[in-house]
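**Student:** Using numbering that gives the first Met the number 0, the first residue of the sequence shown is number 0, and each one after it goes up by one. A virtual CB, placed ideally from N, CA and C, is assigned to each residue, including glycine. Sharing a structure with you now.
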Amino acid sequence: MKNYIKLIDENLDKFLEIQYPEEIFKSMRYSVLAEGKRLRPVMCLETCRIFGGNVEDAIPTACAIEMLHAQSLIHDDLPCMDNDDFRRGKPTNHKVFGEATAVLAGDALLSFAPQLIIQKSNLNEKTKLRLLEEYCIAAGAYGLIAGQIVDIDSEGKEITPETLEFIHTHKTADLFKFALKTGAIIANASEEKIQAMNDFGQKLGFAFQICDDILDETSSFEKLGKTLGKDKEAKKPTYTALFGIEKAREKVGCLLNDAYDIMTKYNIKSEIFEEIIKGIKERATS
Ligand code: GRG
Numbered sequence: 000m001k002n003y004i005k006l007i008d009e010n011l012d013k014f015l016e017i018q019y020p021e022e023i024f025k026s027m028r029y030s031v032l033a034e035g036k037r038l039r040p041v042m043c044l045e046t047c048r049i050f051g052g053n054v055e056d057a058i059p060t061a062c063a064i065e066m067l068h069a070q071s072l073i074h075d076d077l078p079c080m081d082n083d084d085f086r087r088g089k090p091t092n093h094k095v096f097g098e099a100t101a102v103l104a105g106d107a108l109l110s111f112a113p114q115l116i117i118q119k120s121n122l123n124e125k126t127k128l129r130l131l132e133e134y135c136i137a138a139g140a141y142g143l144i145a146g147q148i149v150d151i152d153s154e155g156k157e158i159t160p161e162t163l164e165f166i167h168t169h170k171t172a173d174l175f176k177f178a179l180k181t182g183a184i185i186a187n188a189s190e191e192k193i194q195a196m197n198d199f200g201q202k203l204g205f206a207f208q209i210c211d212d213i214l215d216e217t218s219s220f221e222k223l224g225k226t227l228g229k230d231k232e233a234k235k236p237t238y239t240a241l242f243g244i245e246k247a248r249e250k251v252g253c254l255l256n257d258a259y260d261i262m263t264k265y266n267i268k269s270e271i272f273e274e275i276i277k278g279i280k281e282r283a284t285s
């Protein structure tokens, strides 16, 4: 895990070189290079490795995923969305650079990410096109944005478990699926294995978001680097609001067992994935 994170951090730093106009690159770097867990790019690199691909070939896509993730965090923190002052233990992007620059930094990351896949990947055109298709689906109204808009629309309302699953799937699991599927695509894995990684990402991502809901009620600023308790305050639709903390923990356990079963079925041997599953379980019960 540490080696992957180092590789990702070095390449993010290299790809996001400061140039004119400096302010936009500084703002992009501020959020992307801030200390995050790097879960999604790690998942991409590890999937590429387990299916026999060359990890180096997956680096631009892994960095693109982290940039898209950072973009979603910058925009999610804006006053017109979640209105957060802290992220990754630091003041949010708009608090430091102002709202206009934060919006532009998010937009710039959203378009720089696919540029990286096109320009820096040592892959054939067909594979790049498939990666870009997956990128567009994950980033747009079929992915992240679908989750975010239903999340916003649901604030203060009673929602069904199905609507909550829709939100969590698109807001969070879609990026996990994107990371895992693209790792498999780069390794030239079979369609069956790509689909298996999609299902693995759905289970992990859903579990991760429920865990995030739990932590919003039980953790601390020191541990998470962001203001907590905001979901409850804003009457956000969360798993804990709908079912309570104990049921939420049970659901995380079930989803993680399902994820583990997929690994067993496809004979996936990965200490990294085991570490991620264990990490989510521990976070949910800490
Ligand atoms: C793609 C144009 C476009 C817009 C995005 C704002 C938005 C629409 C979506 C928000 C999605 C969002 C913020 C989901 C929350 C997902 C989540 C649990 C984030 C935290 O992930 P961690 O814990 O964070 O992995 P670190 O900082 O460790 O990377």
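Where does residue 287 land, buried or exposed, given buried means 16+ other C-beta within 10 angstroms?
**Tutor:** Because the chain in this structure spans residues 0 to 285, residue 287 falls outside the shown range and cannot be described.
**Student:** May I ask which residues mark the beginning and end of the alpha helix (DSSP H) holding residue 267?
**Tutor:** No alpha helix (DSSP H) holds residue 267; DSSP gives it neither H nor E.
**Student:** Go ahead and label residue 84 buried or exposed: buried means 16 or more other beta carbons lie within 10 angstroms of its beta carbon, across all protein chains shown.
**Tutor:** By the neighbour-count rule (16 or more Cβ atoms within 10 Å), residue 84 is not buried but exposed.
**Student:** Judging by CA-CA distance, which residue of 90, 47, 14 is the nearest neighbour of residue 65?
**Tutor:** 14
**Student:** Going by DSSP, what residues sit across from residue 85 in a beta bridge?
**Tutor:** 90
**Student:** Give a yes or no on whether the C-beta atoms belonging to residue 201 and residue 168 are separated by under 8 Å.
**Tutor:** Yes. Within cutoff.
**Student:** On the three-state DSSP scale, how would you describe residue 16?
**Tutor:** Coil, per DSSP.
**Student:** Please specify which runs of the alpha helix (DSSP H), each continuous and at least 4 residues long, are wholly inside the region 185 to 246, giving them in chain order.
**Tutor:** 190 to 217, 220 to 223, 229 to 232, 238 to 242
**Student:** Going straight from the alpha carbon of residue 54 to that of residue 205, what length do you get?
**Tutor:** 26 Å
**Student:** Do residue 137 and residue 143 count as a contact pair if the criterion is CB distance below 8 Å?
**Tutor:** Remark: C-beta atoms of residue 143 and residue 137 approach each other more closely than 8 Å.
**Student:** Work out the CA separation of residue 184 and residue 10 for me, nearest whole Å.
**Tutor:** 21 Å
**Student:** Terminal residues of the continuous alpha helix (DSSP H) containing residue 68?
**Tutor:** 54 to 76
**Student:** Could you round the C-beta distance between residue 228 and residue 215 to whole angstroms and report it? I think they count as a contact, below 8 Å.
**Tutor:** 7 Å
**Student:** If we require 4 or more residues per run, which alpha helix (DSSP H) segments fall completely within the region 20 to 54?
**Tutor:** The alpha helix (DSSP H) runs lying completely inside the region 20 to 54 and spanning 4 residues or more are 21 to 31, 38 to 49, given in chain order.
**Student:** Does the distance from the CB of residue 259 to the CB of residue 247 come in under 8 Å?
**Tutor:** Inclusion of residue 259 and residue 247 in the CB contact set at 8 Å is not warranted, their separation being larger than that value.
**Student:** Return yes when the Cβ of residue 133 is within less than 8 Å of the Cβ of residue 89, no when it is not.
**Tutor:** no
**Student:** Using the C-alpha atoms, what's the distance from residue 69 back to residue 33?
**Tutor:** 9 Å
**Student:** Taking Cβ to Cβ, would you say residue 31 is nearer than 8 Å to residue 3?
**Tutor:** Not closer than 8 Å, so no.
**Student:** Put residue 6 into one of helix, strand or coil per three-state DSSP.
**Tutor:** The answer is helix: DSSP assigns residue 6 an H, G or I state.
**Student:** Find the nearest neighbour of residue 156 within the set 171, 235, 140, 281, judged by alpha-carbon distance.
**Tutor:** 235
**Student:** Check whether the Cβ atoms of residue 67 and residue 112 lie closer than 8 Å to each other.
**Tutor:** yes
**Student:** Just the Cα atoms here: how many angstroms apart are residue 147 and residue 17?
**Tutor:** 30 Å
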